[in-house]
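Read the structure below first, then the notes.
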Amino acid sequence: MIISFKKITATACLSLLLWSTSQASLSGKYFSKNQAMRIAENEQEIKNLVIKFKDSSRIRKEQGVLKITSRNISLEDRQEINSINNLLLAYDVRPQRLLDSFSVLEIDQLMIDAQSKSRDLLSDLNSYFKIDSRLLSRRNLTQLTELLNQFLIVEIAYPDLKEMSLTFDGYIGNITLPGMTPQLINHQKYLYPNPTGVDLLFAWTQPGGDGKNSKVIVYDNSYNKNHEDLPKLFYASNSNDVDPAHGTAVLGILGAKNNKYGYKGGVYNSPLGFHRAATKFGSHADSLLTAAKQLNEGDFIVIEVAKQVNSLGFECDCNPTQANSVPLEYFPAEFDAIKTITAMGVVVVSAAGNGCVDFDSPVFEGMFSENSLSSGSVWVTASKADKKEPTCYSNFGQRIDFNAWGEQVAALGHVKANESPIFDEGPNRLYGANFGGSSSATPIVSSCLASLQSQFIEKYGFALPPGQLKTLLSQNGQLQEGVYEKYIGIMPDMLQIDF
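Residue numbers for the sequence shown follow my numbering, beginning at 237 and rising by one.
Dropping the structure here:
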């Protein structure tokens, strides 16, 4: 497991002290306090008010109040934290630790381990707190956000939004019937060689190319655990009832069984897992770290949920229900959690969203420029099936790393109400033909990354760090073929990779 829960030793305590006191404010990695206020004033689906304190203060909750535990702190900061405690008391709210699945000591140990492997300064994850939005009127939540952001000891205070629903008008098919499902791999054309697909067919001919050395956890809402073509998972958390067809499709693109029927996963021999996205009022940062506990260096988390931030103001006429959808790490806590996970050597691959969002737009104030601090995750957006250019709804910009098919993707269990399946003998034997968006592109690219990592481990005996793996896959990939003003990254080509 990548997260160690061993007792912190005296040496580790010294390391922690040196680490915390050396932290500068990592400015530029989060959205600004002005953006936080735009969210507070305009968004409707708010679940928590999140407070991030300066790392150097080492704010902790003791006996129900916030206290500074760092010895190297100014009198002004001590006065500010007293004022913040009084302010929260006036609003009749009590802050809770954001990462409440872990103890303070567990997070401290994680930060020591992660920092020892990272060239970048990592944020103190124990400096995050939350206030349940249900305890505040909308007016008071906006006021409190504004007041908290006036304190210098507060790095950022912002409303955290509920994740967008991926539900759709589902296909009502047949009841489950006995019998033999035909082999359907000929419908998975995204597996084919350049110029059609990413050539995972070639990758399978290479030692380790089937993904056997790489674990992959899908981070989504739900899935159909009874689908005939899904393998037994090495790990599965509880799921919810939100769109199980979506998670089933993603799992199948990655790991559908190598057998004589149905589809075939891009890394069909990878140990496959599933972790439920955060609960209704829980934190994705906390949930992602919990998923990462199941993995080792070189393994993968594939994030298939997004947040919808309508106050960004992007119009998306061809996909209005997902307009302004952005990756989870747009929000500071998820950014810091993902950065910590990638520092530990786990590869995080995020669906970039399907909301016509331009990540180079001034609305982001340079958050995703080449000079900004990166979480180390891989971002994937959707491209057309017949041409390497963005779909009408693709999110785009220099932050995007890769693209892959975002339409006409053959996938398990996912058929919309107005579509016909490839094969249907009931929900556990249902095969769709048109899964799409960054939801389909992301597991395709994740399959390429996991196959490449597994091949590298097979050849050299150790895993590549996330950044080096991303660079290796992007070399000699397939270039964008049109709509160049909307940059969507590289489409992988497994045949061209040379290591």
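A virtual CB, placed ideally from N, CA and C, is assigned to each residue, including glycine.
Return the CA-CA distance between residue i and residue j, expressed in angstroms with no decimal places.
i      : j      : result
Phe595 : Gln299 : 42 Å
Glu279 : Tyr696 : 49 Å
Ala686 : Val452 : 8 Å
Met273 : Glu281 : 15 Å
Leu311 : Leu388 : 12 Å
Leu688 : Ser682 : 10 Å
Phe567 : Ser523 : 14 Å
Asn631 : Arg374 : 30 Å
Ala514 : Tyr394 : 18 Å
Asn474 : Asn308 : 43 Å
Val340 : Asp660 : 50 Å
Asp356 : Val486 : 32 Å
Gln634 : Glu606 : 7 Å
Ser306 : Ser292 : 7 Å
Ser261 : Ser608 : The predicted model places Ser261 with a pLDDT of 43, which falls under 50 and marks its position as unreliable; any figure quoted below should be read in that light. Whole-angstrom Cα-Cα distance: 14 Å.
Met347 : Ser610 : 17 Å
Leu397 : Ser586 : 18 Å
Asp734 : Gln711 : 9 Å
Lys290 : Val651 : 47 Å
Cys552 : Val593 : 8 Å
Arg296 : Glu382 : 22 Å
Gly549 : Asn494 : 44 Å
Ile724 : Pro443 : 30 Å
Lys623 : Asn639 : 11 Å
Glu721 : Glu625 : 10 Å
Ser354 : Glu655 : 47 Å
Pro702 : Ile577 : 10 Å
Ile287 : Gly589 : 26 Å
Asn532 : Gly491 : 19 Å
Thr441 : Thr627 : 31 Å
Glu540 : Gln315 : 42 Å
Thinking C-beta only, is residue j closer than 7 Å to residue i?
i      : j      : result
Ala542 : Ser561 : yes
Ile317 : Leu335 : no
Val584 : Ser613 : yes
Gly534 : Gln558 : no
Leu185 : Tyr455 : A query on residue 185 cannot be resolved here, the shown segment of the chain reaching from 237 to 735 and no further.
Asn385 : Lys575 : no
Met727 : Leu436 : no
Lys283 : Ser369 : yes
Pro657 : Gly668 : yes
Leu377 : Leu285 : yes
Ala618 : Ala677 : yes
Asn546 : Tyr629 : no
Ile343 : Tyr266 : no
Tyr471 : Gln530 : yes
Could you pull out every residue in the same chain whose Cβ sits closer than 8 Å to the Cβ of residue i, ignoring the five residues on either side in sequence?
i      : result
Cys488 : Checking the displayed sequence, the identity of residue 488 turns out to be Gly instead of Cys. Contacts found: His463, Asp465, Leu466, Tyr499, Gly501, Ala647, Leu648 and Gly649.
Thr432 : Lys425 and Tyr426
Phe604 : Phe595, Asp596, Gly633, Gln634 and Arg635
Thr417 : Glu464, Asp465, Tyr497, Gly498, Phe659, Glu661, Arg665 and Tyr667
Determine which residues share a DSSP beta bridge with residue i and list them.
i      : result
Ile537 : Ile453 and Val584
His511 : Tyr455
Leu285 : Ile367 and Pro395
Thr617 : Asn639
Ile304 : Ile295
Phe632 : Asp594
Tyr667 : Leu648 and Phe659
Ser561 : Gln544
Ala472 : Phe510
Gly498 : Gln419
Phe333 : The sequence shown places Arg at residue 333, not Phe. Answer is Phe365.
Gln716 : Gln716 pairs with nothing; no bridge assigned.
Pro626 : Ser619
Could you pull out every residue in the same chain whose Cβ sits closer than 6 Å to the Cβ of residue i, ignoring the five residues on either side in sequence?
i      : result
Phe438 : Met730 and Leu731
Leu525 : Ala573
Glu601 : Ser268
Gly447 : Val503, Asn505, Ser506, Ala686, Ser687 and Ser690
Ala521 : Ala569, Glu570 and Ala573
Ala276 : Thr378, Thr381 and Pro395
Gln544 : Met400, Asn560 and Ser561
In chain order, what residues of the same chain have a beta carbon less than 7 Å from the beta carbon of residue i, not counting five sequence neighbours either side?
i      : result
Leu705 : Val583, Leu685, Leu688 and Gln689
Ser258 : Only weak support exists for where Ser258 lies, its pLDDT of 44 falling under 50; the value from the coordinates is given anyway. Same-chain partners within the cutoff: there are none.
Asn476 : Asn457, Ser458 and Arg512
Pro517 : Reading the sequence as shown, one finds Phe at residue 517 and not Pro. Only Lys283, Asn284 and Asp368 meet the Cβ criterion.
Ala527 : Ile453, Tyr455, His511 and Ile537
*Assess, as a yes-or-no matter, whether the region 362-369 is touched by the region 476-486 under the definition of 3 or more beta carbon pairs within less than 8 Å.*
Segments in contact, no.
*Pair every Cβ in the region 714-734 with every Cβ in the region 462-477, then say whether three or more of these pairs are closer than 8 Å.*
The region 714-734 vs the region 462-477: no contact.
*Please determine if the region 633-643 and the region 667-678 are in contact, where contact requires at least 3 C-beta pairs separated by less than 8 Å.*
yes
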